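Asker: Questions regarding the structure given below will be posed in turn.
Number of protein chains: 2
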Amino acid sequence: MQRTSFSGMACSIARTLDVIGEPWSPLILRDVWAGMTRFEQLQTDLGISRKVLTERLNHLVAQGVLERRPYDQRPRYEYVLTRKGAELVDLLMVMKGWGDRWLAGEAGPPVLYRHHACGEIADVALRCDRCGEPMHAGDVDLLPGPGVANPAT
Amino acid sequence: MQRTSFSGMACSIARTLDVIGEPWSPLILRDVWAGMTRFEQLQTDLGISRKVLTERLNHLVAQGVLERRPYDQRPRYEYVLTRKGAELVDLLMVMKGWGDRWLAGEAGPPVLYRHHACGEIADVALRCDRCGEPMHAGDVDLLPGPGVANPAT
DNA sequence: AGGCTTGAGTTCCTTCAGGGAACCCCGAGT
DNA sequence: ACTCGGGGTTCCCTGAAGGAACTCAAGCCT
């Protein structure tokens, strides 16, 4: 948790950061998405401190992004993405795209996506959900919405 | 900067986090995008410590995401998005979408986007850049790419 | 000419979160 | 009875975030 909590701000970006803005949280989500669902797996793969991993997992579960569930009679648990969490992974896909374009260098992308619908190696593109045209940072105006200055319920 | 640097990992998500993963960095980008380009504006709008703001701005400039440039004869500077930075804002648009859907509650979104191309209030949607169909976390397989296990150049 | 103001930082101190390693608990197998 | 292995908890230490005060360089005011 960063020192200052962002959740009081009337901004969906700040609120989202309160859910996954802490260090390691996005990487934990990435790993769970990729099938590394258990504590020990996550800890060894990430090299994260066990203490911090516990904190992050608890927070992500509390936020409804992950679900903790037993997979054995013994006290063994795995973490799985909820629907809310799966939609967050979309965000990670966009991050991967940016990193591939700007940081991967000569070596190229470390990971590729194959899209089920077309079978091609592909990346995500951002489009307008009304007209279907490309939609980027420079293509929009910002307007105040209904939730401005109202605390989220 | 988080204690552990992610930049050594062969993962575009981790590398991207090394650029904007620190607390405040995404909000700084949001503000610059929205037209708050000066040190004092950022500091008072965010309520961030001046020390940390300095560190973040320097880091973002060093990463090529922001550009620092004088706007007066006096030693006055403003920060503007580079092309690399503008593409990062796409990421923020996706974050906003998720926050609107899952965290805004009854009050609704604090901010709306109007898309220049169609003039409608709209949000971003993720689509495949090959076939144009929707592309989400569950719609892809992960494959090793050329940059796997190669340090980025 | 001397002082005031403003933007853009620096310095310093305190507190709290992250790293790391050791420790603990519990149910199963042998 | 003892060990093993997953899933944590406890402890101490360091370093980053908060916060307030201080600095510096141009203009502006009178």
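Protein chains in written order, with the numbering used here: chain E, 1 to 153; chain R, 154 to 306. A virtual CB, placed ideally from N, CA and C, is assigned to each residue, including glycine. Please read these numbers as outputs of a predicted model, since none were measured by experiment.
1) Within a Cβ cutoff of 6 Å, which residues of the same chain sit near R183 (chain R), ignoring the five residues on either side of it in sequence?
2) Within 8 Å (strictly less), CB to CB, does I13 (chain E) reach chain R?
3) Does the distance from the C-beta atom of G108 (chain E) to that of P299 (chain R) stay below 8 Å?
4) Can you list, in chain order, the residues of the region 260 to 286 of chain R whose Cβ is nearer than 7 Å to any Cβ on chain E?
5) So, using beta-carbon positions, are R50 (chain E) and Q43 (chain E) closer together than 8 Å?
6) Can you check which of these residues, R:L180, R:A257, R:G250, is closest to M135 (chain E) by C-alpha distance?
7) For the region 29 to 44 of chain E, list every residue whose C-beta sits within 7 Å of some C-beta in chain R, in sequence order.
8) Run through the region 38 to 77 of chain E for me and flag every whole beta strand (DSSP E) of 3 or more residues, listed as ranges in chain order.
9) Start and end of the beta strand (DSSP E) containing A278 (chain R)?
10) Taking only beta-carbon atoms, is V148 (chain E) less than 8 Å away from chain R?
11) Does chain E have any CB closer than 8 Å to the CB of A290 (chain R)?
12) Could you check how far apart the C-beta atoms of A60 (chain E) and I28 (chain E) are, in whole angstroms? I think they sit under 8 Å.
13) Spell out the partners DSSP gives R267 (chain R) in its beta bridges.
14) Give the secondary structure of P179 (chain R) by DSSP, where H, G and I count as helix, E and B as strand, and everything else as coil.
15) If you measure from the beta carbon of T16 (chain E) to each beta carbon in chain R, is any gap under 8 Å?
16) Find the residues of chain R that neighbour L143 (chain E), judging by a C-beta separation of less than 9 Å, and give them in chain order.
17) Just how far apart, CA to CA, sit P144 (chain E) and V218 (chain R)?
18) Check V233 (chain R) in the structure and name its three-state DSSP category.
19) Can you tell which of E:K84, E:R38, E:A104, E:V89 has its C-alpha closest to the C-alpha of D72 (chain E)?
20) Are the C-beta atoms of L245 (chain R) and some chain E residue less than 8 Å apart?
Answerer: If we stick to the structure as given:
1) Start at 1 with the first residue of the second sequence, and residue 183 (chain R) comes out as number 30. Within the same chain, R183 (chain R) has close Cβ partners L245.
2) Translated into the one-based positions of the first sequence, residue 13 (chain E) becomes position 13. So yes, I13 (chain E) belongs to the interface.
3) Position 108 of the first sequence, counted from the start, is the residue given in the question as residue 108 (chain E). Position 146 of the second sequence, counted from the start, is the residue given in the question as residue 299 (chain R). Cβ atoms of G108 (chain E) and P299 (chain R): closer than 8 Å.
4) A260, G261, P262, P263, V264, L265, Y266, R267, H268, H269, A270, C271, E273, A275, D276, V277, A278, L279, R280, C281, D282, R283, C284, E286
5) Stepping through the first sequence from its first residue, residue 50 (chain E) is reached at position 50. Stepping through the first sequence from its first residue, residue 43 (chain E) is reached at position 43. Yes; because the gap between Cβ atoms is below 8 Å, this pair is in contact.
6) As a working mapping, residue 135 (chain E) is identified with position 135 in the first sequence. Among R:L180, R:A257, R:G250, the Cα nearest to that of M135 (chain E) belongs to R:G250.
7) R30, W33, A34
8) 66 to 70
9) Taking the second sequence and counting its residues from 1, one reaches residue 278 (chain R) at position 125. Counting along the chain, the beta strand (DSSP E) containing A278 (chain R) begins and ends at 277 to 281.
10) Here residue 148 (chain E) refers to the residue found at position 148 when the first sequence is read from its first residue. Under the Cβ distance rule, V148 (chain E) counts among the residues neighbouring chain R, one pair being separated by less than 8 Å.
11) Residue 290 (chain R) sits at position 137 when you count from the first residue of the second sequence. Yes, A290 (chain R) lies at the interface with chain E (some Cβ there is under 8 Å from its Cβ).
12) Translated into the one-based positions of the first sequence, residue 60 (chain E) becomes position 60. Translated into the one-based positions of the first sequence, residue 28 (chain E) becomes position 28. The displayed chain sequence assigns Leu, not Ala, to residue 60 (chain E). At roughly 7 Å, the Cβ-Cβ gap stays under 8 Å, so L60 (chain E) and I28 (chain E) are in contact.
13) As a first step, residue 267 (chain R) is located in the second sequence; it is residue number 114 there, counting from the start. Partner(s): E:D141, R:I274.
14) For the purposes of this step, residue 179 (chain R) is identified with residue 26 of the second sequence, where counting begins at 1. P179 (chain R) falls in the helix class under three-state DSSP.
15) Stepping through the first sequence from its first residue, residue 16 (chain E) is reached at position 16. Cβ-Cβ to chain R under 8 Å: yes for T16 (chain E).
16) On the first sequence, position 143 is the one that residue 143 (chain E) refers to. By Cβ distance, chain R contributes V264, L265, Y266, R267, I274.
17) Here residue 144 (chain E) refers to the residue found at position 144 of the first sequence. Here residue 218 (chain R) refers to the residue found at position 65 of the second sequence. Rounded to whole angstroms, P144 (chain E) to V218 (chain R) spans 26 Å at the Cα level.
18) Residue 233 (chain R) sits at position 80 when you count from the first residue of the second sequence. In the structure shown, V233 (chain R) sits in a strand (DSSP, three-state: E or B).
19) Residue 72 (chain E) sits at position 72 when you count from the first residue of the first sequence. With distances taken between Cα atoms, D72 (chain E) lies closest to E:R38.
20) Translated into the one-based positions of the second sequence, residue 245 (chain R) becomes position 92. Answer yes: the Cβ-Cβ gap between L245 (chain R) and chain E drops below 8 Å somewhere.
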